[in-house]
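Undergrad: One structure, pasted below without further comment.
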Amino acid sequence: MIGRNRRPWVRGLPALGLLWLLGAIADRLWFALDHSIPSWDQADYLTGVLNYWQAFQAPQWFSGAWWTQLWQLSSKIPPLVYITTAPFVGLFGAGADQSTLVNLLFSAVLLGSVYTIGVCLFTLPVALWAAGLCLLMPGLYRVRLDFLLDFPLAAMVTLCFACLTVWRENGKKLKAQGRIKSGSNLSLYPLSSILSEWLLAGAIALTLGLALMVKQPALLFLFVPLVWAGMETIGQRAWMRLLQLALAICLSTVIWVPWYRTNWLLMLSATKRATIDSAIAEHDPSLLSLDAWTYYLKALPGMISLPLLVVPLLGFLFFWRRSRVSCHCAGEADFSPKTKSYRQHAYGASREALGWLCLYGIGAYLLSSLNVNKDDRYVVPYLPIVALVLAYGITLLPKRWLLLQWGTVGVAIVLMCSNLVALPLGSTPQATSRSQHFAYTGDSYPHAQIIESVIRAAPYLRSTIGVLPSTGQINQHNVNYYGNLQNFRVYGRQVGTRKSQVEQDQRSLSWFITKTADQGSIRQQDSQVALVNAVERGTDFTLHQSWMLPDRSTLKLFRRSIPLLEVTPVIGEEKSEVRTQNSKL
Numbered sequence: 108m109i110g111r112n113r114r115p116w117v118r119g120l121p122a123l124g125l126l127w128l129l130g131a132i133a134d135r136l137w138f139a140l141d142h143s144i145p146s147w148d149q150a151d152y153l154t155g156v157l158n159y160w161q162a163f164q165a166p167q168w169f170s171g172a173w174w175t176q177l178w179q180l181s182s183k184i185p186p187l188v189y190i191t192t193a194p195f196v197g198l199f200g201a202g203a204d205q206s207t208l209v210n211l212l213f214s215a216v217l218l219g220s221v222y223t224i225g226v227c228l229f230t231l232p233v234a235l236w237a238a239g240l241c242l243l244m245p246g247l248y249r250v251r252l253d254f255l256l257d258f259p260l261a262a263m264v265t266l267c268f269a270c271l272t273v274w275r276e277n278g279k280k281l282k283a284q285g286r287i288k289s290g291s292n293l294s295l296y297p298l299s300s301i302l303s304e305w306l307l308a309g310a311i312a313l314t315l316g317l318a319l320m321v322k323q324p325a326l327l328f329l330f331v332p333l334v335w336a337g338m339e340t341i342g343q344r345a346w347m348r349l350l351q352l353a354l355a356i357c358l359s360t361v362i363w364v365p366w367y368r369t370n371w372l373l374m375l376s377a378t379k380r381a382t383i384d385s386a387i388a389e390h391d392p393s394l395l396s397l398d399a400w401t402y403y404l405k406a407l408p409g410m411i412s413l414p415l416l417v418v419p420l421l422g423f424l425f426f427w428r429r430s431r432v433s434c435h436c437a438g439e440a441d442f443s444p445k446t447k448s449y450r451q452h453a454y455g456a457s458r459e460a461l462g463w464l465c466l467y468g469i470g471a472y473l474l475s476s477l478n479v480n481k482d483d484r485y486v487v488p489y490l491p492i493v494a495l496v497l498a499y500g501i502t503l504l505p506k507r508w509l510l511l512q513w514g515t516v517g518v519a520i521v522l523m524c525s526n527l528v529a530l531p532l533g534s535t536p537q538a539t540s541r542s543q544h545f546a547y548t549g550d551s552y553p554h555a556q557i558i559e560s561v562i563r564a565a566p567y568l569r570s571t572i573g574v575l576p577s578t579g580q581i582n583q584h585n586v587n588y589y590g591n592l593q594n595f596r597v598y599g600r601q602v603g604t605r606k607s608q609v610e611q612d613q614r615s616l617s618w619f620i621t622k623t624a625d626q627g628s629i630r631q632q633d634s635q636v637a638l639v640n641a642v643e644r645g646t647d648f649t650l651h652q653s654w655m656l657p658d659r660s661t662l663k664l665f666r667r668s669i670p671l672l673e674v675t676p677v678i679g680e681e682k683s684e685v686r687t688q689n690s691k692l
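Here this note's numbering runs 107 ahead of the position in the sequence shown, where the first position is 1.
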């Protein structure tokens, strides 16, 4: 029994692996049903994966110029997710569904990190419940079933927070023992018995650097815990531990500084467009209004789901009202009343653990609310910590309420299925809540046919298509992605964004896509309409092909009547003819 209690982290790994496997099977079944087209951000990220996969076909590890070019492939967003996904592209192919396999890796990282924090701060049951809740929360499974940076960011931020938590708890145990003894059995986390504090600090450095290489907002979630941990060491006069933390932060720069130093100017300009400009366009609330500071609080129930929120709160109510604690603190299922000293000790330990988690959550909430551009996805990294708090609440329920615990899980699974799959299959309902992310089972979109048509018409050229609509299904990013899938032979580019450039856009491109009905997210309607009219009604372009879309609108592909450049093979010779509008070379 004593040996079992010393290593709960290891004992729970089979159950954790089973949870991950069940989640992986459910995810891949959803992707098998879904054949949607990647939207704006998703297609842009998938194109980034292709760029990095191509770069790694001929790496030059010891060339400074090659590394600079590698970092410049993604000038606005750190490239860790692209780099991590590239091997999956090489193994499984370059499709959108194949690229999402990387989320299985990040899911393992996320579940393992939450599980580790749960064992370190609470108990094995809390850790497993928290991992299970992470699979059932709408805010997490929505981004897990998409190729976005938010889920990898949540995984890496939680991993860094887990390393910081283990390091912090390790220091508390050392302080309680009154000595520093390397390799002593310090906590329920088994690796702390073999890893020194310096190695734990090194883990913080590594994971902090990796988190910042996923996306810049990682700092919003980790800033407060890092500062608080540093202040604790100062208050305790633990100067060696303060040195460890400071060196960990400094060493993390080895990982993230090269990319940031290369792209800082473009990153700043892109950040301005992604925050201030987007907030204005989307009419997000001003920071001076109450709505700006309660936006994510209002969104929280939908990101968690009511059953997973209400039932754990009942556990906290039971805990406070009855003033008793079960032996779940020792991993046992004994709910008999305990002595006053036991209750006080358990209460103090849980209060301190909950305080640490709340520090993370409240700090992340406030710093995220400072971002003028609001979106549920931007606060996904604090949901795993919310899952830990809720898991602790669930384990406080008395034994006779066991049916309520598992009934809540059953209801959450039913809600998840109803939020992910619309019945009957083939229907295409619109999502009406933050929880819904339906698999698209309707008619296919013609992106592959568009690219094939362009390549067939100009097989010896790299072509660029001017994309005039900007809907979730038809936009410059997904046209560009499907063109890049064909060995980077076709590119998509948004045009008609400025009236002063309408004539230039019309002269410079040989291919254009227009669409009837809804034009999507167009910021300057007049310039877009002017270019559409010039293409559809002018004499410079002719309709090359058209397709009926699932929404009953028509997509039209126009080609320049007299190509700007034409390459044709010369029969019997080892050269080709290159024709322009005005000359023959």
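A virtual CB, placed ideally from N, CA and C, is assigned to each residue, including glycine. Since we're looking at a predicted model, the values are computed, not measured.
Considering only the alpha carbon of each residue, which of V586, L395, A325 and F425 lies closest to I620?
TA: Minimum Cα distance to I620 is reached at V586.
Undergrad: In the DSSP assignment, what residue or residues form a beta bridge with Y589?
TA: Y589 pairs with nothing; no bridge assigned.
Undergrad: Can you name the residues that DSSP bridges to S570?
TA: Answer by DSSP bridge pairing, in chain order: V597.
Undergrad: Hey, is the segment 550-557 in contact with the segment 121-128, meaning 3+ C-beta pairs nearer than 8 Å?
TA: As far as the Cβ criterion goes, the segment 550-557 does not touch the segment 121-128, which means the pair count is below three.
Undergrad: Starting from L350, trace the alpha helix (DSSP H) in both directions and tell me its first and last residue.
TA: W346 to K379 is the span of the alpha helix (DSSP H), which, as asked, contains L350.
Undergrad: Have a look at V602 and I629 and give me their C-alpha separation to the nearest angstrom.
TA: If you take the alpha carbons of V602 and I629, they lie about 10 Å apart.
Undergrad: Please list the segments of the alpha helix (DSSP H) lying wholly inside the segment 607-691, counting only runs of 4 or more residues, in order along the chain.
TA: You should have 609-615 and 632-644.
Undergrad: Give me, in chain order, the residues of the same chain whose beta-carbon lies closer than 6 Å to that of G278; leave out the 5 immediate sequence neighbours on both sides.
TA: Cβ neighbours of G278 beyond the five flanking positions: R348.
Undergrad: Given this structure, state the Cα-to-Cα distance separating G130 from L208, to the nearest angstrom.
TA: Those two C-alpha atoms are separated by around 12 Å.
Undergrad: Thinking C-alpha only, which one of A345, M320 and I572 is nearest A262?
TA: With distances taken between Cα atoms, A262 lies closest to M320.
Undergrad: Count the other C-beta atoms from every protein chain shown that fall within 10 angstroms of the C-beta of A318, then say buried if there are 16 or more, exposed otherwise.
TA: The residue in question, A318, is buried, as its Cβ has 16 or more Cβ neighbours within 10 Å.
Undergrad: If I measure Cβ to Cβ from G155 and keep anything under 6 Å in the same chain, skipping five residues before and after, which residues do I get?
TA: Once the five neighbours on either side are set aside, the close Cβ partners of G155 are S181 and Y189.
Undergrad: Whole angstroms are fine: how far does the CA of A139 sit from the CA of A87?
TA: Any question about residue 87 goes unanswered here, given that the chain covers just 108 to 692.
Undergrad: Is N241 buried or exposed, if buried means 16 or more other CB atoms sit within 10 Å of its CB?
TA: Note that residue 241 is Cys in the sequence shown here, rather than Asn. By the 10 Å Cβ count, C241 comes out buried.
Undergrad: Just mark P166 as buried or exposed, buried being the case when its beta carbon has 16 or more other beta carbons within 10 Å.
TA: That one is exposed.
Undergrad: Helix, strand or coil: which one does DSSP assign to S577?
TA: Three-state DSSP puts S577 in a strand.
Undergrad: Is the Cβ-Cβ distance between L404 and G500 less than 8 Å?
TA: No, Cβ-Cβ distance for L404 and G500 is not below 8 Å.
Undergrad: Alpha carbon to alpha carbon, how far is L327 from S476? Give it in angstroms, no decimals.
TA: The straight-line gap from Cα to Cα measures roughly 10 Å.
Undergrad: Can you find the residues in the same chain that come closer than 8 Å, C-beta to C-beta, to G119, ignoring five residues on each side of it along the sequence?
TA: Correct list, in chain order: Y222, V226, L231, A234 and L235.
Undergrad: Where does W696 land, buried or exposed, given buried means 16+ other C-beta within 10 angstroms?
TA: Nothing about residue 696 can be reported from this structure: the residues present for the chain run from 108 to 692 only.
Undergrad: Could you tell me if Y248 is buried or exposed, where buried requires 16 or more neighbouring beta carbons within 10 angstroms of its beta carbon?
TA: With 16 or more Cβ atoms within 10 Å of its Cβ, Y248 is classed as buried.
Undergrad: In chain order, what residues of the same chain lie with their CB nearer than 6 Å to the CB of A440, ignoring the 5 residues before and after it?
TA: Since pLDDT at A440 reaches only 44, below the 50 mark, its modelled position is unreliable, and the value read off the structure follows with that caveat. Excluding sequence neighbours, A440 sits near nothing in its chain.
Undergrad: Considering only the alpha carbon of each residue, which of T623, G455, N480 and L497 lies closest to G468?
TA: The candidate whose alpha carbon is nearest that of G468 is L497.
Undergrad: Reducing DSSP to helix, strand and coil, say where M320 ends up.
TA: Note: M320 maps to coil in three-state DSSP.
Undergrad: Would you grab the beta carbon distance between L228 and A460 for me? Rounded to a whole angstrom, and I think it's under 8 Å.
TA: That belief holds up - the Cβ atoms of L228 and A460 are roughly 4 Å apart, short of 8 Å.
Undergrad: State yes or no: is the C-beta of A203 within less than 8 Å of the C-beta of L157?
TA: No, they are not a contact pair.
Undergrad: CA-CA distance, L530 and H544?
TA: Distance between the alpha carbons of L530 and H544: 13 Å.
Undergrad: Under 7 Å Cβ to Cβ from S540, same chain only, skipping five residues before and after it: list those, please.
TA: Same-chain partners within the cutoff: G409.
Undergrad: Using the Cα positions of L256 and F425, report the straight-line distance between them to the nearest angstrom.
TA: Straight-line Cα distance between these residues: approximately 38 Å.
Undergrad: Can you give the Cα-Cα distance for C434 and P332, rounded to whole angstroms?
TA: Its pLDDT being 44, under 50, C434 is placed unreliably by the model, and the measurement read from it follows with that caveat. So the two alpha carbons sit approximately 29 Å from each other.
Undergrad: For a quick check, are the C-beta atoms of S577 and L664 less than 8 Å apart?
TA: No, Cβ-Cβ distance for S577 and L664 is not below 8 Å.
Undergrad: Classify Q164 as helix, strand or coil using the three-state DSSP reduction.
TA: Q164: coil per DSSP, three-state reduction.
Undergrad: Quick check: Y598 and T571, are their CB atoms within less than 8 Å of each other?
TA: Contact flag set, yes.
Undergrad: Please work out which residues of its chain come closer than 6 Å, Cβ to Cβ, to W160, disregarding the five sequence neighbours upstream and downstream, and give them in chain order.
TA: Same-chain partners within the cutoff: A193 and V196.
Undergrad: Measuring CB to CB, does V693 end up less than 8 Å from A325?
TA: For the chain, the structure presents residues 108 to 692; residue 693 sits outside this window and is missing.
Undergrad: If I follow the unbroken alpha helix (DSSP H) through W508, where does it start and stop?
TA: From DSSP, W508 is part of no alpha helix (DSSP H); its letter is neither H nor E.
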